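I have placed the structure first, in the form of structure tokens, so that the comments after it can refer back to it.
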Amino acid sequence: MIYQSLNHSSRPVDFESAVLNGIASDRGLYFPSEIRILPKKIISEIKNLSTNEIAYHSIKNFIGKSIPKKNLITIIDKTIDFEFPLVDVGDDIYSLELFHGPTLAFKDVGARFMARSLEYFNRNSNSVLTVLVATSGDTGGAVADGFYDVPGIRVIILYPKGKVSEIQKVQMTSYGKNITTIEVDGDFDDCQKFVKNAFLDEQIKSNCKLTSANSINVARWLPQMFYYFFAYKNIHKYNYPIVFSVPSGNFGNLCAGLMAKRIGLPIDKFIACTNLNDSFPRYLDSGIFDPKKTIPTISNAMDVGNPSNFPRIQKIYNNDINKLKKDILGYRFNDNQTRKIIKKVYAEFNYILDPHGAIGYMGLKKYFKSHTKSTGIFLETAHPIKFAETIEKKLKIKVEIPKSIDFSKQTVSSKLMSNYDDLKSFLLQN
Ligand SMILES: *Cc1c(COP(=O)(O)O)cnc(C)c1O
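Going by my numbering, the sequence shown opens with residue 225, and the numbers climb by one from there.
Okay, structure coming up:
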């Protein structure tokens with residue numbers, strides 16, 4: 225499989241180089257040059273396939289010859305050794321719970337798939353690979369966990385100071401060893417800018433082998449297709465159109481869903497739900513993509529003013545906004561609405577939403593008001609305990625802490641940085 229840069233002025237590469245480069249040298253996102261539709265049998269007989277088989281079939285064409293079948297199967301086995309339950313919340317709405325992985329957020333899947341792919345690509349090399357990643361909250365923990373102690377790889381995680389939750393911070397700063405965390409005196413967009421600058425910095429490129437683990441990396445983006453296939457397998461009745469509501473920030477997750485549809489999964493519509501960082505819904509309304517500065521909200525993993533996967537979404541629809549609007553609707557919700565719906569769904573259905581899933585849930589409710597009967601699935605992207613402060617205050621109940629979280633873990637201190645040059649000298653010195 226060949227990947228091309230969406231800026232069209234760097235050379236096409238295979239999956240391995242696309243993963244190692246992260247972003248193309250012309251600053252473009254990598255995009256597969258050809259999209260192969262799955263054999264119909266995979267969909268019609270999905271109930272008879274295991275989740276691992278489904279994952280393998282959905283991604284194999286995107287990997288091509290870069291990873292042999294046997295190794296790809298091992299990577300998948302190591303990536304998805306946890307559950308992806310589809311929970312009936314009531315009123316034709318289902319929660320696709322993506323938070324049963326080690327860091328309780330859906331990003332575990334992409335991070336683990338990428339870590340294991342890099343381990344494979346670096347197998348015969350004796351130089352260390354540096355993975356540089358910016359996080360608005362959840363990516364950090366998932367990447368730290370996925371890459372912890374993977375031989376030949378060091379990880380540097382940048383997060384915005386004071387803008388991640390206590391659990392998120394504990395999750396990324398408590399590893400040590402090959403994991404370094406850096407607190408940036410700024411917001412997520414600043415973190416992202418630092419990372420992008422480092423990738424274009426010739427001096428850094430000639431001194432370290434650098435790769436990104438952000439959702440722009442194809443090894444993180446594409447395995448997210450799995451969720452949509454797994455949900456489809458678990459639907460009981462297929463007599464209504466299927467609608468996925470995706471709480472979105474950088475739009476990697478939604479973009480993977482669109483790709484799942486492109487390769488043959490029968491999804492009727494997608495609802496792109498955001499908090500007040502609503503560049504995408506505004507684009508659907510006005511036809512103009514006009515990113516704004518990030519606004520902090522209680523669904524902080526979605527606090528992204530300028531979603532990086534936007535060009536990929538356009539590409540999937542050949543830059544035709546009318547075609548795009550036939551498949552995707554966009555809604556935005558504020559913090560007050562989010563708090564209210566968490567309370568309401570708990571009171572009515574005894575189901576605890578996290579602030580991100582809550583936005584996905586509201587998207588379906590809004591959609592159902594003006595559309596024919598559908599099966600609605602929202603992606604519950606994080607465990608509510610990760611946002612315990614918000615939820616416990618609102619519901620006046622204690623969210624049970626899953627056994628996998630250990631608050632007693634020693635926190636390794638982060639370095640504080642306020643400009644790109646600090647990061648640059650750190651990378652060059654270490
Ligand atoms: C990252 C994240 C999102 C947004 O996903 P994107 O792929 O960036 O759109 C939503 N919810 C949670 C909990 C997240 O961690």
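Glycine residues also receive a C-beta, built at the ideal position from the N, C-alpha and C atoms. Owing to the predicted nature of the structure, the values given are computational and were not obtained by experimental measurement.
Just the C-alpha distance for residue i and residue j, rounded to the nearest angstrom, thanks.
i	j	result
D646	L577	39 Å
L553	I601	14 Å
L478	Y585	15 Å
R235	A242	11 Å
N530	G587	21 Å
L310	L652	46 Å
F650	E269	52 Å
T518	K294	43 Å
I465	G481	For the record, residue 465 in the displayed sequence is Pro; it is not Ile. Cα to Cα, the separation comes out at about 15 Å.
K610	M526	14 Å
I247	V528	19 Å
D551	C432	42 Å
R563	F557	10 Å
V408	G511	34 Å
T298	H281	14 Å
P505	N654	42 Å
L253	K620	44 Å
K593	K331	31 Å
D315	K597	10 Å
I565	M641	37 Å
T599	I495	13 Å
With hydrogens ignored, establish whether the beta-carbon of residue i is closer than 8 Å to any heavy atom of ligand 1.
i	result
N560	no
T605	yes
T599	no
P531	yes
H580	yes
D362	yes
P471	yes
S229	no
S393	Residue identity check: residue 393 is Lys in the sequence provided, not Ser. False, no ligand heavy atom lies under 8 Å from that Cβ.
G314	no
G370	no
Q448	yes
G476	yes
M526	yes
S439	yes
S523	yes
A455	no
F557	no
A329	yes
Under 7 Å Cβ to Cβ from residue i, same chain only, skipping five residues before and after it: list those, please.
i	result
N285	M225 and R260
D312	Y318
G376	N346, S349, V352 and L353
K567	K618 and L619
My assumption, with CB atoms under 8 Å, is that residue i sits in contact with residue j. Please give the rounded CB distance.
i	j	result
F475	A279	Not really, about 21 Å apart at Cβ, beyond 8 Å.
Y591	V467	6 Å
S290	E240	4 Å
I381	V357	5 Å
H607	S523	Actually they are not in contact, since the Cβ atoms of H607 and S523 sit about 14 Å apart, beyond 8 Å.
I406	K639	5 Å
V623	E613	Actually they do not touch by this definition, with Cβ atoms about 10 Å apart.
F454	F308	5 Å
N501	Y644	Actually they are not in contact, since the Cβ atoms of N501 and Y644 sit about 23 Å apart, beyond 8 Å.
G288	F306	The Cβ separation is near 27 Å, so there is no contact.
L262	P535	About 25 Å separates the two Cβ atoms, so there is no contact after all.
Between the beta-carbon of residue i and the beta-carbon of residue j, is there less than 9 Å?
i	j	result
T435	L320	no
K264	G488	yes
P447	F337	yes
K485	Y507	no
E604	F323	yes
A329	A437	no
L296	A443	no
G400	Y383	no
M483	I440	no
D413	K648	no
S532	Q416	yes
Beta-carbon within less than 6 Å of residue i's beta-carbon, same chain only, minus the 5 sequence neighbours each way: which residues are those?
i	result
L244	T435
T327	G365, A366, D369 and Q395
A339	G370, F371 and V374
V569	Y575 and L577
K429	none
Would residue i pass as an interface residue toward chain C - the criterion being a Cβ-Cβ separation below 9 Å?
i	result
K620	Annotation note: the requested chain C is absent from the structure, which comprises a single protein chain.
Under 8 Å from any heavy atom of ligand 2, does the C-beta of residue i make it?
i	result
L244	The ligand content of the structure shown is limited to ligand 1, which means ligand 2 is not among them.
What does a CB cutoff of less than 8 Å around residue i pick up in its chain, not counting 5 residues either side in sequence?
i	result
N402	F371, Y372, D373, V374, I377, R378 and V379
S637	T397
D301	N276
K457	I270, K271, L273, T275 and I278
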